[in-house]
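Data block below; observations after.
In this note's numbering, the protein residues as written are 114 to 306.
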């Protein structure tokens with residue numbers, strides 16, 4: 114099964130709709146979907162290393178736009194359901210302390226967590242909830258997501274053939290390592306965020 118999925122991703126790089134699939138995945142991951150776009154970005158870049166830059170650009174733009182949806186979810190849920198829950202549990206004073214802390218450290222949070230395996234949707238939704246400056250949020254999201262996806266593009270462009278040979282030889286091992294990193298990101302997010 115893993116081989117079929119991998120082969121489908123490799124073959125998708127040649128299709129005219131490849132960029133749309135990649136964009137949809139990056140968009141969804143920044144707002145509500147649990148699987149990162151690297152699942153498509155890496156195999157597509159391995160299949161066509163010279164287009165790794167294009168793939169990274171699509172991921173960056175779609176991720177930032179998807180981040181705006183995540184931001185809206187955080188902002189709108191607070192105004193509707195979130196505010197009622199805060200009052201119900203008598204946590205009004207803690208929300209303002211959280212917002213003050215996020216106003217002070219939000220830039221660092223966005224920049225660092227955008228590079229990690231911690232799900233980026235947590236950053237986007239939290240930014241909206243905290244009322245973080247939307248224009249600064251967009252700028253920082255473009256920087257951090259661009260760094261992540263372009264770093265991946267540099268590595269896959271330069272060492273793509275070498276990496277592809279090893280991935281295909283030990284596909285199950287690489288998928289297991291990827292899943293461990295993904296689960297670790299969720300665990301870190303739940304325990305420490």
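Even glycine gets a Cβ: it sits at the ideal position worked out from N, Cα and C. Quick caveat: nothing in here was measured; it's all calculated off a predicted structure.
- Between residue 180 and residue 239, the C-beta gap is not smaller than 8 Å, which leaves the two residues out of contact.
- Classified as buried, residue 234 has 16 or more neighbouring CB atoms from the shown chains inside 10 Å of its CB.
- Of the residues assessed, residue 162 falls on the buried side of the cut-off, its CB having 16 or more other CB atoms within 10 angstroms.
- In the DSSP assignment, residue 145 falls outside any alpha helix (DSSP H), carrying neither H nor E.
- Taking each of 260, 182 and 229 in turn and checking the Cα distance to residue 144, the smallest one comes out for 182.
- Contact annotation: residue 185 and residue 241 have beta-carbon atoms nearer than 8 Å.
- Secondary structure of residue 244 (DSSP, three-state): coil.
- Across the structure, residue 213 and residue 223 are spaced so that their CA atoms are roughly 15 Å apart.
- The continuous alpha helix (DSSP H) containing residue 186 extends over residues 165-190.
- Residue environment for residue 124: exposed (fewer than 16 other C-beta atoms within 10 angstroms of its C-beta).
- In the assembly as shown, residue 274 is an exposed residue. Its beta-carbon has fewer than 16 other beta-carbons within 10 Å.
- A buried status is given to residue 150, since no fewer than 16 other beta-carbon atoms sit within 10 Å of its beta-carbon.
- Pairing residue 159 with residue 168 gives a Cβ-Cβ distance that is not under 8 Å.
- By the beta-carbon neighbour count (other beta carbons within 10 angstroms, threshold 16), residue 147 is exposed.
- Look at residue 231 here: in three-state DSSP terms it is coil, with no helix or strand label.
- One thing to note: residue 171 has its Cβ no nearer than 8 Å to the Cβ of residue 228.
- In the three-state reduction of the DSSP assignment, residue 130 falls in the coil class.
- For residue 158, the enclosing alpha helix (DSSP H) begins and ends at 151-160.
- Between residue 211 and residue 217, the alpha-carbon positions lie close to 10 Å from each other.
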